[in-house]
Each structure stands twice: as C-alpha cells, then as structure tokens.
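Visitor: The listed protein sequences derive, respectively, from chains A and B.
Note that the working numbering has the first sequence beginning at 1, numbered continuously upward.
Note that the working numbering has the second sequence beginning at 1, numbered continuously upward.
Quick one: this structure, given as structure tokens, is what I'll be asking you about.
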Amino acid sequence: MPDYRKDDIEHYVAPLEETPLQATDKVAEDVQPLSLWAEAWRNLRRQPLFIVSALLILLIIVVALFPGLFTQTAPNANCQLANSDGGPAPGHPLGFTVQGCDVYARLIYGTQASLTVGIFATLGALLVGGLLGATAGFYGGWLDSVIARIGDVFFALPLILGAIIIMQLPFFRENRNVWTVVITLVVFGWPQVARITRGAVISVRNADFVTAARSLGVSRAAALVRHVIPNSLAPVIVVATVNLGIFIVAEATLSFLGIGLPPDVMSWGNDISAAQVSLRSNPSTLLWPAAALSVTVLSFIMLGDALRDALDPKARKR
Amino acid sequence: MAWYIFRRFLQMIPVFFGATFMVYFLVFSLPGDPIQALFGDRAVSPAVAAQLREQYNLDEPFLVQYFLYLKNLVTFNLGNDFSGRPVAEVLAQVFPVTIRLAVLALVFEAVFGIIFGVIAGLRKGKFFDGTILVASLVVIAIPIFVLGFVLQFLVGVKLGWAKPTVGAEAGWSDLLLPAMVLGLVSLAYVIRLTRTSIIENMNADYVRTATAKGLSRPRVVVVHILRNSMIPVVTFLGADLGALMGGAIVTEGIFNVPGVGQRLYQSVLRGEGPTIVSIVSVLILVYILANLAVDVLYAWLDPRIRYA
Numbered sequence: 001m002p003d004y005r006k007d008d009i010e011h012y013v014a015p016l017e018e019t020p021l022q023a024t025d026k027v028a029e030d031v032q033p034l035s036l037w038a039e040a041w042r043n044l045r046r047q048p049l050f051i052v053s054a055l056l057i058l059l060i061i062v063v064a065l066f067p068g069l070f071t072q073t074a075p076n077a078n079c080q081l082a083n084s085d086g087g088p089a090p091g092h093p094l095g096f097t098v099q100g101c102d103v104y105a106r107l108i109y110g111t112q113a114s115l116t117v118g119i120f121a122t123l124g125a126l127l128v129g130g131l132l133g134a135t136a137g138f139y140g141g142w143l144d145s146v147i148a149r150i151g152d153v154f155f156a157l158p159l160i161l162g163a164i165i166i167m168q169l170p171f172f173r174e175n176r177n178v179w180t181v182v183i184t185l186v187v188f189g190w191p192q193v194a195r196i197t198r199g200a201v202i203s204v205r206n207a208d209f210v211t212a213a214r215s216l217g218v219s220r221a222a223a224l225v226r227h228v229i230p231n232s233l234a235p236v237i238v239v240a241t242v243n244l245g246i247f248i249v250a251e252a253t254l255s256f257l258g259i260g261l262p263p264d265v266m267s268w269g270n271d272i273s274a275a276q277v278s279l280r281s282n283p284s285t286l287l288w289p290a291a292a293l294s295v296t297v298l299s300f301i302m303l304g305d306a307l308r309d310a311l312d313p314k315a316r317k318r
Numbered sequence: 001m002a003w004y005i006f007r008r009f010l011q012m013i014p015v016f017f018g019a020t021f022m023v024y025f026l027v028f029s030l031p032g033d034p035i036q037a038l039f040g041d042r043a044v045s046p047a048v049a050a051q052l053r054e055q056y057n058l059d060e061p062f063l064v065q066y067f068l069y070l071k072n073l074v075t076f077n078l079g080n081d082f083s084g085r086p087v088a089e090v091l092a093q094v095f096p097v098t099i100r101l102a103v104l105a106l107v108f109e110a111v112f113g114i115i116f117g118v119i120a121g122l123r124k125g126k127f128f129d130g131t132i133l134v135a136s137l138v139v140i141a142i143p144i145f146v147l148g149f150v151l152q153f154l155v156g157v158k159l160g161w162a163k164p165t166v167g168a169e170a171g172w173s174d175l176l177l178p179a180m181v182l183g184l185v186s187l188a189y190v191i192r193l194t195r196t197s198i199i200e201n202m203n204a205d206y207v208r209t210a211t212a213k214g215l216s217r218p219r220v221v222v223v224h225i226l227r228n229s230m231i232p233v234v235t236f237l238g239a240d241l242g243a244l245m246g247g248a249i250v251t252e253g254i255f256n257v258p259g260v261g262q263r264l265y266q267s268v269l270r271g272e273g274p275t276i277v278s279i280v281s282v283l284i285l286v287y288i289l290a291n292l293a294v295d296v297l298y299a300w301l302d303p304r305i306r307y308a
C-alpha cells in the first residue's frame, strides 16, 4: 500500500483556483468584447516594463529628430587637437574624443544615423519578409517550398559575413551611406520575419474562429483581412521590435569593421570604432557611445518583451 | 527515422548550391581586377596576365567558372590563392583555430546557459531569476565588440588573468577568453530560452502525472521536464555553431586570433576570389550539417516530429 499523503492528493485532484466558477458567471454577455488590440493596449498600460521602454524610445526619437534641443555645441565645428582625449570640462560634460571633439555633442548627433538604420531596416525586412512569409503560409504548396528554400539560402550565410561581401560590391562601395547599409541588413534580415509570418499565418488560417467566420458566411477575402491578418500580426510585430535593436547593433558592428557607414557620418558605431585606439588611456570615449547604443537596443528589446506579454493571452497566465 | 534523415538531407542540397552560387556571384562581381591587384602598381605583361587568367579560370564565362569551381570543390582541388599557396593548405591552417574557438564558445554557452536557465526557470519570480533575466538582457543589448574590448582590458590587461591577444599558435587555453566573449550573447539567449521552456513544461500534464506517480523531484526535473525543454535549446545551439564560426570575425579581430574570420576579412579586402569562396563554402557546409544534426537530434528528442 503506497503512502498517500493527504495534501498531495488534494492538490492534484481539484485545481479549483484555475477555473473560478464565479468569474465565469460574472461575464457580462451583452457587452461587446474588446478587440485583440484594445485588450493588448489595456494590458500594456499596466506594465512598468512597457512604460519605461516606451518613454526611453520616445526620448531617443526626440533626440534623433531635434538634436539641437539637447546640446548647444556643434559636434564637429570646434574640434581642437589641444583637447584630445581631455576629461570633462565646463560645457563639455563627457570630455573629448581623440580628435578633440565634444563626446556629448557627438553622442546626441549620432543618434539619428543609428536610429534611421534600425527603423528603415526593420520596415524593409517587415515588408519583404512579411509579404513573402504571408504568401508562403497562405497559399502553401510549391510556392511555400520555394520561398522556404530561398530563405534557407540566406540563413546559411551569417549576417556579418554576408554583409562584408555585399558591402564590397562596386555599387555599395561607391555609394556608402545609410541606405546601402539598410539594404544590406534587409537582404539578410527578411528570412527570419518571413519564417515567423509564415508560421503565424498557417496557425491562424486553420484556427477555429476563422472556420467559424467562414461558416457564418464571411467571404474568403474578408476572413483574410478581418481575421487572419490582424491575428497573425502579433508575433511579427514582436520580432520586428526586437530586430530593430539587433539591426542597430549590426550597423555599429559593420561601422566598427570599417565597412558600414562612412567615417564622416556621425554614428555611435563610428565613434566606438574611432575610440578603440585610446581605450586604455581614455576608456570613457568608447564607453559613452557604447552605453547610448546599449540603452537604445535594450529599450527596443524590452518593448518587444512587453508587447509579447500583452499580445499573447496564453503566456500572460504564467 | 532513416527516411526522415534522407528527406532532410535532400532538402539541404538546393540550399548548399543556392548559397555557394550566391557567394560566387557576389565575389565574381567584386570590384577591381584581381590580376592587376596581384602586381600592385607595376604593369603586367599581357602574356602573364592571360596565363594567370587561364590558370584561375577567370577568362571563362561566369556560369562555366562556377561549375569548374564546384567540380574542383568536389575533388578537393581548391586551387591556389594569389600568392601561390594552395587554398586547401590555407583552410587547413585557419579552420582548426576557429573550430577550437567555436567549440569552446558552444560548450561555454551550453553548460552555463542550461544550468542558469534551469535554476531560473525552477525558481521563477525569485531573486535569482530576476537577476539572471536583467543580466541576460543587458548582455544582449551590448555590442560584442564593446564586450570584447572591455573584457580584454579588464581580464587581460588590468587583472592579467589571460593573454590579451592570442597570436600564432592559438592553443585551447589561449582561446578561453575570446571564446567566452564570442559565446556571451548566445549564452544570454540560451538562458532565456531554457528558462521559458522549463516554465512552459512545468505546468504540463505529464509533469503532473509523473509527480502523482510518486517520482522524486530530481527525477521529474531531469527526465521529464529537462528532456522536453531541451528541444528548442538544442535547435538554437545547432544553428549557433555555424553562426559562431561565421560571426567570429569581430572576436578574432579584437583578440588577434589567426582564424577563419581574420583570413576571410583580409581576402575580401584583397579581392582574393578562390579563398573567399572556399572559406564561405566550408562555413555554409558546417551550417547545413549542424542543422541536419539538429534535425536528427530533434526527431530523437520528440518522436512526434518523425511521423509528421
């Protein structure tokens, strides 16, 4: 006779707290239920993670749009070699770079390039990957296989590796600017978005509520627009938000290797790259742009996490 | 099972050809004339140039070049780089270094990632879990070259615990610090993946059943929760092996590791077609084979996949 302990048995027989009957009774049946997005927004507003990351991102966007609001110093005008690697001075709170430029002003003005690359690379990857992924998921069959294999080809080449080779092409080498970096990141970033979109569309396409809508007389096209697309958007938005951060890091890495943005464009990646020569004598010139970069990336990753929690009702319970 | 492996194998063939073709195409249209680059600013006699062009198949149309290259690849006749050294010899020199580096990084991230992830997952919401979550987020957000510089400076220069730069011989112990830097970001992903997976499976019905059968807690955790939670983690680790080898360029640059990444970067700058394509082809092969291994492991861990 095994030794049954009373509390063990009780715990596994009746997990009543998971299905509170009173709560079921309280549901007001005559009130229109909130849409997925309205419910997500209601959940988001209550998350400290979302509030913090959203405020940070708002601040970063304002800095990128109006850098003049945050510093009086022109980032490149008053660079004097006499100040090379100087410490903080009045009006120059973070000190000077190797070239004697103001670290703080360059930090503020560098926001624009990093953010532009991140946002447009994300939009491009969303457009290409979302379109191809949705097509593959919705139509299936041979089209799905072809798109999946093409995606695999790009997956087989690591981002930095592929980017190094692409950035050496004549067109890219001669027109090195924000947009060529964006194109490079999109070329290697879309397969991931396509995979996620494809999976989301397939899982929603066969979901019961789509079948229900169809059997209520909703046309195929209307079901696609009204039900399939909005409900498969959630994981795609989450991935896009996290990717934005990763693209910013990738831009900095390419600039660091000397094949990203040209040196005359002010960006955090270029500043970090330029600061590596004086790392041991004056680490702050490297650490400040690195910190700005990390806080930006962190904000986008946190936003992605908050969105995931808000948009996935199943994950919320845990 | 054999049929499943065979099918996966077939699916990988077009990926290999597609990827090598893409790289060959990109490299073929690299700027500059490699023969002229070989001679620097001196004039090349037309006869020598023609002879070199013929030797490297540079005078053939692009598609013919690609197929000649594939033929040579299959027969392991990789040709010479532009300084006359056999490419196979270059590969034999640089790949062992990067394989050591990537394997160390993979072991580092797998061991610590799974341990930390399991502890965090089992103690969800506690102090350790919170600390690990925040720390892993911060690590993901910091670019790898900043991590590399800071750790090189702190551990290598200030504390003197490791050699700040590696140099020519690159033994296992020299590569410990670079491997940690290389694996740090993936470590954060492994921790988060393991944690999420553990939490997901802790509420599963089969765990409740196992506990109700009277199995001990360690047995439930190791045999039931852990085995089922490893599926996404194994996938990530497998795909990461290829990414680690191809992504080692930055780490190898910082720590002066004479591996694949450094060699590749120099070859791209020099426009040295045969070397670039050979190195990238091998990297793609590693990536594809690692993914195949993952798929096999996957089917072994989760029998449902085999029959799907």
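Ideal placement from N, C-alpha and C gives every residue a C-beta, glycine not left out.
Keep in mind that this is a model prediction, so the values were computed, not measured.
In chain order, what residues of the same chain have a beta carbon less than 7 angstroms from the beta carbon of G110 of chain A, not counting five sequence neighbours either side?
Guide: Your numbering for residue 110 of chain A matches position 110 in the first sequence. So the qualifying residues of the chain are M266, S267, W268, D271, P289.
Visitor: Would you grab the beta carbon distance between G259 of chain B and T131 of chain B for me? Rounded to a whole angstrom, and I think it's under 8 angstroms.
Guide: Numbered from 1 along the second sequence, position 259 holds the residue referred to as residue 259 of chain B. Numbered from 1 along the second sequence, position 131 holds the residue referred to as residue 131 of chain B. Not confirmed; about 34 angstroms, so no contact.
Visitor: At the 8 angstroms Cβ level, is I284 of chain B part of the contact set with chain A, yes or no?
Guide: Counting from one through the second sequence, the residue named residue 284 of chain B turns up at place 284. It does: the Cβ of I284 of chain B has a partner Cβ on chain A nearer than 8 angstroms.
Visitor: Closest Cβ-Cβ distance between S294 of chain A and chain B: below 8 angstroms?
Guide: Looking up residue 294 of chain A in the first sequence gives position 294. By this cut-off, S294 of chain A is an interface position.
Visitor: DSSP state of P86 of chain B, grouped into three classes?
Guide: Within the second sequence, residue 86 of chain B is the residue found at index 86, counting from 1. Correct three-state label for P86 of chain B: strand.
Visitor: What did DSSP end up calling D30 of chain A once you bin it into helix, strand or coil?
Guide: In the first sequence, residue 30 of chain A corresponds to position 30, counting from 1. In the structure shown, D30 of chain A sits in coil (DSSP, three-state: anything other than H, G, I, E or B).
Visitor: Leaving out five residues before and five after F50 of chain A in sequence, what residues of the same chain have Cβ atoms less than 6 angstroms from its Cβ?
Guide: One-based indexing of the first sequence puts residue 50 of chain A at position 50. Hits under 6 angstroms: L44, A306.
Visitor: List the endpoints of the continuous alpha helix (DSSP H) containing R149 of chain A.
Guide: Counting from one through the first sequence, the residue named residue 149 of chain A turns up at place 149. R149 of chain A -> alpha helix (DSSP H) spans 141-155.
Visitor: To be precise: take each residue of the region 246-268 of chain A, compare its Cβ to all Cβ atoms of chain B, and keep it if any distance is under 8 angstroms. Which residues remain?
Guide: Answer set for the region 246-268 of chain A: V249, A252, T253, F256, L257.
Visitor: Helix, strand or coil for F247 of chain A per DSSP?
Guide: Indexing the first sequence from 1 puts residue 247 of chain A at position 247. It is helical.
Visitor: Going straight from the alpha carbon of G238 of chain B to that of E252 of chain B, what length do you get?
Guide: Within the second sequence, numbered from 1, the residue matching residue 238 of chain B stands at position 238. Within the second sequence, numbered from 1, the residue matching residue 252 of chain B stands at position 252. About 21 angstroms.
Visitor: In three-state DSSP terms, what is D81 of chain B?
Guide: In the second sequence, counting from the first residue as 1, residue 81 of chain B sits at position 81. It is coil, neither helix nor strand.
Visitor: Does the pairing of the region 232-240 of chain A with the region 147-156 of chain A give three or more beta-carbon distances under 8 angstroms?
Guide: Segments in contact, no.
Visitor: Please list the partners that Q276 of chain A has in chain B, where partner means a Cβ-to-Cβ separation under 7 angstroms.
Guide: Position 276 of the first sequence, counted from the start, is the residue given in the question as residue 276 of chain A. Result: F149.
Visitor: Nearest to Y69 of chain B by CA position, among B:F28, B:G156, B:M202, is which residue?
Guide: As a working note, residue 69 of chain B is residue 69 in the second sequence. Closest by alpha carbon: B:F28.
Visitor: Where does F66 of chain A sit, in a helix, a strand or coil, going by DSSP?
Guide: Locating residue 66 of chain A in the first sequence gives position 66, where the first residue counts as 1. In the structure shown, F66 of chain A sits in coil (DSSP, three-state: anything other than H, G, I, E or B).
Visitor: If we count Cβ pairs, one from each stretch, closer than 8 angstroms, do we get three or more for the region 270-281 of chain B versus the region 178-190 of chain A?
Guide: Counting Cβ pairs under 8 angstroms, fewer than three are found: no touch.
Visitor: Report back the beta-carbon spacing between G246 of chain B and L283 of chain B to the nearest angstrom; my notes put them in contact at under 8 angstroms.
Guide: To locate residue 246 of chain B, count along the second sequence from 1; it is residue 246. To locate residue 283 of chain B, count along the second sequence from 1; it is residue 283. With a Cβ gap of about 5 angstroms, G246 of chain B and L283 of chain B count as contacting.
Visitor: With distances taken between CB atoms, is the gap from L289 of chain B to I276 of chain B smaller than 8 angstroms?
Guide: To locate residue 289 of chain B, count along the second sequence from 1; it is residue 289. To locate residue 276 of chain B, count along the second sequence from 1; it is residue 276. No, they are not a contact pair.
Visitor: Against chain B, does D152 of chain A count as a neighbour if the rule is that its beta carbon must be under 8 angstroms from one of theirs?
Guide: Working through the first sequence from its first residue, we reach residue 152 of chain A at position 152. So yes, D152 of chain A belongs to the interface.
Visitor: Kindly indicate which three-state DSSP category D264 of chain A falls into: helix, strand or coil?
Guide: Start at 1 with the first residue of the first sequence, and residue 264 of chain A comes out as number 264. Reduced to three states, the DSSP call for D264 of chain A is coil.
Visitor: If we require 4 or more residues per run, which alpha helix (DSSP H) segments fall completely within the region 102-186 of chain B?
Guide: Taking only runs of at least 4 residues, the alpha helix (DSSP H) segments lying wholly in the region 102-186 of chain B are 127-141, 144-151.
Visitor: Go to L283 of chain B, then tell me how far its alpha helix (DSSP H) extends in each direction, as first and last residue.
Guide: By 1-based counting over the second sequence, the position of residue 283 of chain B is 283. Where L283 of chain B is concerned, the enclosing alpha helix (DSSP H) stretches over 273-301.
Visitor: Excluding five sequence neighbours on each side, which residues of the same chain lie with their C-beta closer than 6 angstroms to the C-beta of D302 of chain B?
Guide: Your numbering for residue 302 of chain B matches position 302 in the second sequence. Once the five neighbours on either side are set aside, the close Cβ partners of D302 of chain B are I231.
Visitor: Does the region 218-227 of chain B come close enough to the region 148-165 of chain B to have 3 or more Cβ pairs within less than 8 angstroms?
Guide: Judged by Cβ distances under 8 angstroms, the region 218-227 of chain B makes no contact with the region 148-165 of chain B, as fewer than three pairs qualify.
Visitor: I'd like to know if the region 119-128 of chain B and the region 203-213 of chain B are in contact, where contact means that at least 3 CB-CB pairs between them fall below 8 angstroms.
Guide: As far as the Cβ criterion goes, the region 119-128 of chain B does not touch the region 203-213 of chain B, which means the pair count is below three.
Visitor: So, under 8 angstroms CB-CB, S281 of chain B and T20 of chain B are touching, yes? Tell me the CB distance rounded to an integer number of Å.
Guide: Here the question's residue 281 of chain B lines up with position 281 in the second sequence. Here the question's residue 20 of chain B lines up with position 20 in the second sequence. Confirmed, about 5 angstroms.
Visitor: Closer than 8 angstroms, CB to CB, is Q72 of chain A near chain B or not?
Guide: By one-based count along the first sequence, residue 72 of chain A stands at place 72. It does not; no Cβ of chain B falls within 8 angstroms.
Visitor: Under the assumption that A310 of chain A contacts Q32 of chain A (Cβ atoms under 8 angstroms), give the Cβ distance between them as a whole number of angstroms.
Guide: Counting from one through the first sequence, the residue named residue 310 of chain A turns up at place 310. Counting from one through the first sequence, the residue named residue 32 of chain A turns up at place 32. Not a contact, Cβ separation roughly 20 angstroms.
Visitor: Kindly indicate the opening and closing residues of the alpha helix (DSSP H) around D305 of chain A.
Guide: Within the first sequence, residue 305 of chain A is the residue found at index 305, counting from 1. D305 of chain A -> alpha helix (DSSP H) spans 284-311.
Visitor: Using a Cβ cut-off of 8 angstroms, pull out every chain A residue sitting near G242 of chain B, in sequence order please.
Guide: On the second sequence, residue 242 of chain B is found 242 positions in, with the first residue counted as 1. In chain order: A156, P158.
Visitor: Go ahead and label D208 of chain A buried or exposed: buried means 16 or more other beta carbons lie within 10 angstroms of its beta carbon, across all protein chains shown.
Guide: In the first sequence, residue 208 of chain A corresponds to position 208, counting from 1. D208 of chain A comes out exposed.
Visitor: Can you check whether the C-beta of V15 of chain B is within less than 8 angstroms of a C-beta belonging to chain A?
Guide: Taking the first residue of the second sequence as 1, we reach residue 15 of chain B at position 15. Yes, contact with chain A.
Visitor: Got a sec, what are the start and stop residues for the alpha helix (DSSP H) V178 of chain A sits in?
Guide: As a working note, residue 178 of chain A is residue 178 in the first sequence. Unbroken alpha helix (DSSP H) run through V178 of chain A: 178-205.
Visitor: What distance in whole Å lies between the Cβ atoms of V178 of chain A and L261 of chain A, which are believed to be in contact at a cut-off of 8 angstroms?
Guide: Looking up residue 261 of chain A in the first sequence gives position 261. Looking up residue 178 of chain A in the first sequence gives position 178. Yes, they are in contact, since the Cβ atoms of L261 of chain A and V178 of chain A sit about 7 angstroms apart, within 8 angstroms.
Visitor: Can you find a C-beta in chain B that's less than 8 angstroms from the C-beta of A64 of chain A?
Guide: The residue given as residue 64 of chain A occupies position 64 in the first sequence. Closer than 8 angstroms: no.
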